[in-house]
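Residue numbers (our numbering), protein chains in the order written: chain A, 29 to 222; chain B, 29 to 222. Virtual Cβ for every residue (Gly too), placed ideally from N, Cα, C. This structure is a prediction, so every number in the text was calculated from the model and none was measured.
Number of protein chains: 2
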Amino acid sequence: MTASQHVGMNDDMDGSSFPEGEMPPSPAAEAPAGGLPVEPTDSAVARLTTERDELKDKYLRLAAEYDNFRKRSQKERAELFDRAQAELIGNLLDELDDLDRLVQGGEKSASVADLHQAVVLTDKKFWKELEKAGLESVEPVGVPFDPTVHEAISQIPAPTAAQAGTVAMVFQIGYRFKGLLLRPARVQVYGEQG
Amino acid sequence: MTASQHVGMNDDMDGSSFPEGEMPPSPAAEAPAGGLPVEPTDSAVARLTTERDELKDKYLRLAAEYDNFRKRSQKERAELFDRAQAELIGNLLDELDDLDRLVQGGEKSASVADLHQAVVLTDKKFWKELEKAGLESVEPVGVPFDPTVHEAISQIPAPTAAQAGTVAMVFQIGYRFKGLLLRPARVQVYGEQG
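Spelled out as C-alpha cells, the structure:
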C-alpha cells in the first residue's frame, strides 16, 4: 500500500489498513468543476485511494451476494420441481382415494351399471381436477390438420372440397398442459375431394 | 475528472476520457514492495486513477450480469414449475386413457367381477406410475405414533404394555411425496394398557 504510506491517509471504510494516517479532506470538497482551483496532488492521492478502496469493497460485497444468490437459486430449483409435482399429486388424492374405494368395495356392486356409474363419476372428478391444474385435451374434429399438435394416422377422400385438409376423426385424444404439448392427437385426415 | 487534468494521464480502459494525456507508466512497475523506493506522487495519482476506473468498470459489469441472472432465474422458475407438473401428467396419460376406456365401454362388461377386475388393474397402474414419480403411502399399523405424519382420530386401551403409544388401526392412508407430507395418515392409537 505504497500510495498511502507517503500521503498518510486513513481508509475510512476499513480502519485496519492505515492506522497511523490522517483523515483525508472530504472528496466532494476536493473535486472542483471546470474553472475552479486545481486539486493538490497529495489530496488527489488521498481521494483516489478512498474511491478505489470503496469500489473494491463494493465489488467484493456484490460478488459475494451474487454467489450466494446463484447457490440459493440452484437449490431452490430442485426444491421447486418437487414442490410443483407434490402440489399436483396433493390435489389428486381425493380422486385416487375414490379409485381405491372402487377397488376395495366395487366387487359388491349390485350391477354392472352401478359400478360403471361409480367409475364415470371418479373419471369426471379426475378430469375436473386436472383441467383446473392446466390440462387441456386436443380433440380437433373438423379443424384444419395442424402437424404441430396432430399426428395423421390415415387419410380418406374429402366429401366436399371445403373439407380437404381437415381432421375427419380422432383416434386418440391429444393433451396440452399450459401450452406444452404432452401428446399429439392421433387423427384421420381428409385428403383431396373424392 | 480533475485528478487526471493536472497529471495528464490516459485512461487505458476508456480512450475517450483523456485524449490529450500521456500514458502513465505501468502500475505494476510503480508499486514497489516493502523497502523499495517510494512512488512519485504524480505517478501514484495516475496508477490510482487507473485502478479506480478499472474497479468501477468491473463493478458495473458484475452488477449488470447479476441483474440479468436474477431476471432469467425468475422466468426459469415459472417455467420449471409448469414443466414439473407437465412431466408428471405426461406420465399418467396412459392410466387416464385406461380410465376413460372404462367410462366408454365399461357398461358393456359381462359381469360386475369383470368390470371390477378392470378397475383394479387401472388403479394398480396409477399407483405404480405415482410411486415411480416419488409418492409413498403412510400406513403405520404397529409403529409408534408420530404426530408429524400421523393424525390421531381415536384412542383405545393397549392389549399389552409394549403396544402403548403405537398405531392400532389406519382409517385413512397418508401420503408423502419425496419427503414432503401431502396428507397425514388418520389413525387410531393405543393408549395405556387396558
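**Study point:** Min CB distance PHE154 of chain A to chain B below 8 Å
**Key:** Reading the first sequence from its first residue, position 126 is the one you call residue 154 of chain A. Nearest CB-CB separation between PHE154 of chain A and chain B: below the 8 Å threshold.
Check your understanding: Leaving out five residues before and five after PHE199 of chain B in sequence, what residues of the same chain have Cβ atoms less than 6 Å from its Cβ?
Key -> Position 171 of the second sequence holds residue 199 of chain B. Only ILE181 and ARG214 meet the Cβ criterion.
Check your understanding: In the DSSP assignment, what residue or residues form a beta bridge with SER165 of chain A?
Key -> Here the question's residue 165 of chain A lines up with position 137 in the first sequence. Looking at the DSSP assignment, SER165 of chain A forms a beta bridge with A:TYR203.
Exercise for review: Check distances from the C-beta atoms of the region 158 to 178 of chain A to those of chain B and list, in chain order, the residues that come in under 8 Å.
Suggested key: Residues of the region 158 to 178 of chain A with a C-beta atom less than 8 Å from some C-beta of chain B are LEU158, ALA161, GLY162 and LEU163, listed in chain order.
Exercise for review: Determine the chain B residues that contact ARG105 of chain A at a beta-carbon separation under 9 Å, and present them in chain order.
Suggested key: Locating residue 105 of chain A in the first sequence gives position 77, where the first residue counts as 1. Result: SER101, GLU104, ARG105 and LEU108.
Review point. What did DSSP end up calling GLU67 of chain A once you bin it into helix, strand or coil?
Key: Here residue 67 of chain A is taken as the residue at index 39 of the first sequence, counted from 1. Secondary structure of GLU67 of chain A (DSSP, three-state): coil.
Point to revise | Sequence-distant residues of its chain with Cβ nearer than 7 Å to ILE201 of chain A (five each side left out) | key: By one-based count along the first sequence, residue 201 of chain A stands at place 173. Contacts found: SER165, VAL166, GLU167 and ALA213.
Check your understanding: By the 10 Å Cβ neighbour count, where 16 or more other Cβ atoms means buried, how is LEU116 of chain B classified, buried or exposed?
Key -> Locating residue 116 of chain B in the second sequence gives position 88, counting from the first residue. With 16 or more neighbouring CB atoms inside 10 Å of its own CB, LEU116 of chain B falls in the buried class.
Point to revise | Within chain A, the residues that ASP128 of chain B reaches when beta carbons sit closer than 7 Å | key: Numbered from its first residue, the second sequence carries residue 128 of chain B at position 100. In chain order: ASP151.
Point to revise | Through-space distance from ALA72 of chain B to VAL66 of chain B, alpha-carbon basis | key: Reading the second sequence from its first residue, position 38 is the one you call residue 66 of chain B. Reading the second sequence from its first residue, position 44 is the one you call residue 72 of chain B. Roughly 10 Å separates the two Cα atoms.
Exercise for review: Evaluate LEU130 of chain A with the Cβ neighbour count: other Cβ atoms within 10 Å of its Cβ, from every protein chain shown; 16 or more gives buried, anything less gives exposed.
Suggested key: Taking the first sequence and counting its residues from 1, the one referred to as residue 130 of chain A is at position 102. Under a 10 Å Cβ-count criterion, LEU130 of chain A is classified as buried, with 16 or more other Cβ atoms of the shown protein chains found around its own Cβ.
Check your understanding: For ARG98 of chain B and chain A, any beta-carbon pair shorter than 8 Å?
Key -> Counting from one through the second sequence, the residue named residue 98 of chain B turns up at place 70. Residue-level contact by beta carbon holds for ARG98 of chain B and chain A, with a gap shorter than 8 Å.
Check your understanding: Would you say GLU79 of chain B faces chain C, with C-beta separation under 8 Å as the test?
Key -> Absence of chain C from the displayed structure is noted, the protein chains being A and B.
Practice item. Return the bridge partner residues of ILE184 of chain B from the DSSP annotation. Key: Taking the second sequence and counting its residues from 1, the one referred to as residue 184 of chain B is at position 156. The partner list for ILE184 of chain B (beta bridge, DSSP) reads B:TYR218.
Review point. Under a Cβ-count criterion, where at least 16 other Cβ atoms within 10 Å of its own Cβ denotes burial, should ALA106 of chain A be classed as buried or exposed?
Key: Numbered from its first residue, the first sequence carries residue 106 of chain A at position 78. When all chains shown are included, ALA106 of chain A counts as exposed.
Point to revise | Reference HIS144 of chain B; option with closest CA among A:ASP128, A:LYS156, A:PHE154 and A:GLU157 | key: Translated into positions along the second sequence, residue 144 of chain B becomes position 116. It is A:ASP128 whose Cα lies nearest to the Cα of HIS144 of chain B.
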